[in-house]
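What follows is a single structure, written as structure tokens, with notes after it.
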Amino acid sequence: MRIVIAGGHGRIALRLERLLAGRGDEVAGIIRSGGQAADLRDAGAEPLLLDLESASVEEVAEVLRGADAAVFAAGAGPGSGAARKETVDRAAAVLFADAAVRAGVRRHVVVSAMGADPAHPGDEVFDAYLRAKGAADAYVRSLDALDWTVLRPGRLADGPGTGLVRLEARTGRGEIPRDDVAAVLAELVDTSATAGLTLELIGGSTPVPVAVKSVAGN
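FYI, my numbering numbers position 176 of the sequence shown as 1134, with every residue one higher than the one before it.
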């Protein structure tokens, strides 16, 4: 399976790349700086140099062609202002989805955020982030040409993963290690029965494969 990941140098993406490469998948990560390439190669992924804030739909479609799945894990990141929440968290996600449609890549997994809502109120940067994520999610979910799954993790942590999660349409607030987010994404990528679902994710008591199979069967 070939999987292309937008935001390939992110903390979740690098973990996901290691997992996918380790199980034998062909993995590529889109990065905006050549200085990030070595980290992707160390994770077992092919670096693809492309700036999603300035690329055209056709340029992104070109790097997606031949893939079996696409994962949007890009983000403006902490410290960025409201403008980049709009250009990365919303516009780049929309661009990536449109490019997947053009390239004929149906399986599409989005890393979103708990509380994402295009109508989220407030004037803080985090409010703008939740609106941008919510708008991007709504756009992806409107595309019949994609078999999409939207994953909304709770508060992210860098501690070691437990392999035990709670994955449901609504979980309530909670923390989740990035290791476990990556593990769930790896399962979701090739579990097409989760297409059409928006799922929240926090730490829990269910092993990752069982949690994904459970939501896929609902």
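By construction, the Cβ of each residue, glycine as well, lies at the ideal position given by its N, Cα and C atoms.
Discussion item. Let me confirm a value: Glu1133 is counted as buried when at least 16 other C-beta atoms fall within 10 Å, else exposed. Which label applies?
Written reply: exposed
Item to complete: Look up Arg1113 in the DSSP assignment and say whether it is helix, strand or coil.
Response: strand
Practice prompt. Can you give me the Cβ contacts of Ala1174 inside the same chain, cut-off strictly under 7 Å, excluding the 5 residues immediately before and after it?
Written response: Closer than 7 Å at Cβ, skipping near neighbours: Thr1149, Ala1151, Thr1152.
Worksheet item: Alpha carbon to alpha carbon, what distance is there between Arg1128 and Lys993?
Response: The residue you asked about is not Lys; residue 993 is Gly in the sequence shown. Spanning the two alpha carbons is a distance of roughly 39 Å.
Worksheet item: Residues in its own chain within less than 8 Å of Ala1071 by CB, not counting five upstream and five downstream?
Response: Tyr1087, Leu1088, Lys1091, Arg1110, Pro1111
Item to complete: Output the distance between the C-alpha atoms of Val985 and Tyr1097, rounded to the nearest integer angstrom.
Response: 25 Å
Worksheet item: Which class does Thr1156 belong to by DSSP, given the choice of helix, strand or coil?
Response: strand
Discussion item. Pairs of beta-carbons, one from the region 1049 to 1069 and one from the region 994 to 1006, closer than 8 Å: are there three or more?
Written reply: With a cut-off of 8 Å, the region 994 to 1006 and the region 1049 to 1069 do not count as touching, because too few Cβ pairs lie within range.
Worksheet item: Hey, would you say Ala1025 sits closer than 9 Å to Ile961, going by beta carbons?
Response: Yes, they are a contact pair.
Discussion item. I need the DSSP call for Arg981, collapsed to helix, strand or coil.
Written reply: In this structure, DSSP gives Arg981 a state outside helix and strand, which the three-state scheme calls coil.
Discussion item. Quick check on Arg1042: buried or exposed, where buried means 16 or more other Cβ atoms within 10 Å of its Cβ?
Written reply: buried
Worksheet item: Would you say Ile963 and Gly982 are within 9 Å of each other, going by their C-beta atoms?
Response: no
Worksheet item: Thinking C-beta only, is Gly1033 closer than 9 Å to Gly968?
Response: yes
Fill in: Length of the line joining the Cα atoms of Glu1017 and Ala1094
20 Å
Fill in: Residues near Gly1117 by beta carbon distance below 6 Å, same chain, minus five either side
Pro1135
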